[in-house]
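Participant: Below is one structure. I have some questions about it.
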Amino acid sequence: MKNILVTGGNGQLGQSLKQLANNYPALNFLFTDYEDLDITDATALDSYFAAQQIDACINCAAYTAVDKAEQEEDNAFLLNFQAVLSLAEICARYNAQLIHISTDYVFSGRQNVPYTEEDDTDPETIYGASKVRGEAAAIGYNPDTIVIRTSWLYSEFAVNFVKRMQELMQERPELTVVYDQVGTPTYAGDLAAAIIEVINFKAANPETAIGGIYHYSNEGVTSWFDFAVAIKEMTKATTTILPVTSDKYKTAAKRPAYSVLNKEKIKTTFGISIPYWRDSLAKLLAK
Numbered sequence: 001m002k003n004i005l006v007t008g009g010n011g012q013l014g015q016s017l018k019q020l021a022n023n024y025p026a027l028n029f030l031f032t033d034y035e036d037l038d039i040t041d042a043t044a045l046d047s048y049f050a051a052q053q054i055d056a057c058i059n060c061a062a063y064t065a066v067d068k069a070e071q072e073e074d075n076a077f078l079l080n081f082q083a084v085l086s087l088a089e090i091c092a093r094y095n096a097q098l099i100h101i102s103t104d105y106v107f108s109g110r111q112n113v114p115y116t117e118e119d120d121t122d123p124e125t126i127y128g129a130s131k132v133r134g135e136a137a138a139i140g141y142n143p144d145t146i147v148i149r150t151s152w153l154y155s156e157f158a159v160n161f162v163k164r165m166q167e168l169m170q171e172r173p174e175l176t177v178v179y180d181q182v183g184t185p186t187y188a189g190d191l192a193a194a195i196i197e198v199i200n201f202k203a204a205n206p207e208t209a210i211g212g213i214y215h216y217s218n219e220g221v222t223s224w225f226d227f228a229v230a231i232k233e234m235t236k237a238t239t240t241i242l243p244v245t246s247d248k249y250k251t252a253a254k255r256p257a258y259s260v261l262n263k264e265k266i267k268t269t270f271g272i273s274i275p276y277w278r279d280s281l282a283k284l285l286a287k
């Protein structure tokens, strides 16, 4: 049985992995959060890995307060860069596979075709810059690291766009949602399943070099406005939803106008089938 450490276990992706854990009896998942394991503490990491004999680490922990990061740069880089470097070092020391989760915010959003893993990063936020540094540190120190960039994550857990829209549609007769930011929603349950497929692939092909950057989101393209309309339709809400431009919402951090991710690499390498975003949204809402 392989021991799989999941950091950030109380977040959306961590809790989605918890939901799936019982389906994989050959994998022993160890879920931690800050209270259990401070990943910014290299000594604590070393003690934990030595005691638990970790075979793989899925790093779901991150500083994700995008706007707040503009004023808390040190905190963002501590968790998104320095802690990731520590994890890369410790995984290399104990021969454990590191799977690190990153974001579409590493790109500027000025492109108009889906971003590939080879496209240059050009973040326009502190959050995005901290995630770029984390990616580079992890792969630079430990080339076996697998970085998975994702976008627009939502689930039945924590705070996210789908849950917030459902709440607002019950409270208000009218909502405005931006239509000039385009990307792809990602159901955390689908991403969790894909990560487990990656782990199983590595276990079955231990000599195959698969380190590097991969993209994962659901299939398809939409705007936040159309995403909201889909939620309205599927929940049979009566709220009127109006499209607005991003300049109507002043935020500390600029959002990418276009952050569609090309997923061919992860599909080809691991044989992963990715659901269409509307199908996954319907699956979640049916729960």
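Just so we're aligned, residue 1 is where the sequence shown starts under full-length UniProt numbering, counting upward by one.
Cβ coordinates follow ideal geometry from the N, Cα and C atoms, glycine included.
#1: Straight-line CA distance for A96 to N200?
#2: Any chance the stretch 85-92 sits against the stretch 107-121, with 3 or more Cβ pairs inside 8 Å?
#3: What are the start and end residues of the alpha helix (DSSP H) that includes V198?
#4: Can you say whether N205 is buried or exposed, counting buried as having 16 or more other CB atoms within 10 angstroms of its CB?
#5: Ends of the alpha helix (DSSP H) at A88?
#6: Counting along the chain, where does the alpha helix (DSSP H) carrying S47 start and finish?
#7: How about E219 and F270: do their beta carbons lie closer than 8 Å?
#8: Roughly how many angstroms lie between the CA atoms of M234 and D247, to the nearest whole one?
#9: If you pair each beta-carbon of the stretch 122-135 with each one of the stretch 184-198, do three or more pairs fall below 8 Å?
#10: Excluding the 5 residues preceding and the 5 following T251 in the sequence, name in chain order all residues of the same chain whose CB lies nearer than 7 Å to its CB.
#11: Is F201 a contact residue of the ligand MG, with contact defined as CB to any heavy atom under 7 Å?
#12: Helix, strand or coil: which one does DSSP assign to Y127?
#13: In its own chain, which residues sit with a C-beta less than 7 Å from the C-beta of Y249, not counting the 5 before and 5 after it?
#14: Secondary structure at T268, three-state DSSP: helix, strand or coil?
#15: In terms of alpha-carbon separation, which member of N23, A230, S223 lies closest to Q181?
#16: Based on DSSP bridge pairs, tell me the residues matched to K248.
#17: Take T40 as the anchor and find which of A56, L13, F81, C57 has the nearest alpha-carbon.
#18: Would you mind reading off the limits of the beta strand (DSSP E) that contains N28?
#19: What span of residues does the beta strand (DSSP E) with V221 cover, start to end?
#20: Looking at the secondary structure, which residues open and close the beta strand (DSSP E) in which N59 lies?
#21: Helix, strand or coil for N160 per DSSP?
#22: From F49 to Y94, what does the alpha carbon distance come to, in whole angstroms?
#23: Closest to E264 by C-alpha separation, out of I148, F157, S130, would be which residue?
#24: Would you check if the distance between the CB atom of N28 and the CB atom of N59 is smaller than 8 Å?
#25: Buried or exposed for V221, please, with buried defined as at least 16 other CB atoms from any protein chain shown within 10 angstroms of its CB.
#26: So for I274, helix, strand or coil by DSSP?
#27: Assuming contact is defined by CB atoms lying nearer than 8 Å, are H100 and T145 in contact in what I supplied?
Facilitator: Inspection of the coordinates gives the following:
#1: Looking up residue 96 in the sequence shown gives position 96. Looking up residue 200 in the sequence shown gives position 200. Cα-Cα distance, rounded: 14 Å.
#2: no
#3: Residue mapping note: residue 198 aligns to position 198 of the sequence shown, counting from 1. That run of the alpha helix (DSSP H) goes 188-204.
#4: Against the sequence shown, residue 205 aligns to sequence position 205. Around the beta-carbon of N205, fewer than 16 other beta-carbon atoms lie within 10 Å, marking it exposed.
#5: Here residue 88 refers to the residue found at position 88 when the sequence shown is read from its first residue. That run of the alpha helix (DSSP H) goes 83-93.
#6: For the purposes of this step, residue 47 is taken as residue 47 along the sequence shown, with counting starting at 1. Here the alpha helix (DSSP H) through S47 covers 42-52.
#7: Looking up residue 219 in the sequence shown gives position 219. Looking up residue 270 in the sequence shown gives position 270. No, they are not a contact pair.
#8: Residue mapping note: residue 234 aligns to position 234 of the sequence shown, counting from 1. Residue mapping note: residue 247 aligns to position 247 of the sequence shown, counting from 1. Each residue's alpha carbon lies about 28 Å from the other.
#9: no
#10: Reading the sequence shown from its first residue, position 251 is the one you call residue 251. Correct list, in chain order: D67.
#11: As far as ligands go, the structure on display features none, and thus does not contain the ligand MG.
#12: Start at 1 with the first residue of the sequence shown, and residue 127 comes out as number 127. Here Y127 sits in helix by DSSP.
#13: In the sequence shown, counting from the first residue as 1, residue 249 sits at position 249. These residues qualify, in order along the chain: V178.
#14: Counted from its first residue, the sequence shown places residue 268 at position 268. DSSP places T268 in helix when its eight states are reduced to three.
#15: The residue you call residue 181 lines up with position 181 of the sequence shown. Proximity to Q181 across N23, A230, S223 peaks at S223, based on C-alpha coordinates.
#16: Locating residue 248 in the sequence shown gives position 248, where the first residue counts as 1. Looking at the DSSP assignment, K248 forms no beta bridge with any residue, so it has no partner.
#17: Indexing the sequence shown from 1 puts residue 40 at position 40. With distances taken between Cα atoms, T40 lies closest to F81.
#18: On the sequence shown, residue 28 is found 28 positions in, with the first residue counted as 1. Taken as a continuous stretch (DSSP letters only), the beta strand (DSSP E) holding N28 covers 27-31.
#19: Within the sequence shown, the letter at position 221 stands for residue 221. Segment: none, V221 is in no beta strand (DSSP E) and carries neither H nor E.
#20: Counted from its first residue, the sequence shown places residue 59 at position 59. Taken as a continuous stretch (DSSP letters only), the beta strand (DSSP E) holding N59 covers 56-59.
#21: Indexing the sequence shown from 1 puts residue 160 at position 160. If DSSP states are grouped into helix, strand and coil, N160 belongs with coil.
#22: Your numbering for residue 49 matches position 49 in the sequence shown. Your numbering for residue 94 matches position 94 in the sequence shown. Rounded to whole angstroms, F49 to Y94 spans 7 Å at the Cα level.
#23: Here residue 264 refers to the residue found at position 264 of the sequence shown. E264 has its Cα closest to that of I148, out of I148, F157, S130.
#24: For the purposes of this step, residue 28 is identified with residue 28 of the sequence shown, where counting begins at 1. For the purposes of this step, residue 59 is identified with residue 59 of the sequence shown, where counting begins at 1. No, these two residues do not count as a Cβ contact at 8 Å.
#25: Translated into positions along the sequence shown, residue 221 becomes position 221. Exposed, since its Cβ has fewer than 16 Cβ neighbours within 10 Å.
#26: Along the sequence shown, read from residue 1 onward, the residue named residue 274 stands at position 274. Here I274 sits in coil by DSSP.
#27: Counted from its first residue, the sequence shown places residue 100 at position 100. Counted from its first residue, the sequence shown places residue 145 at position 145. Cβ distance < 8 Å, so H100 and T145 count as in contact.
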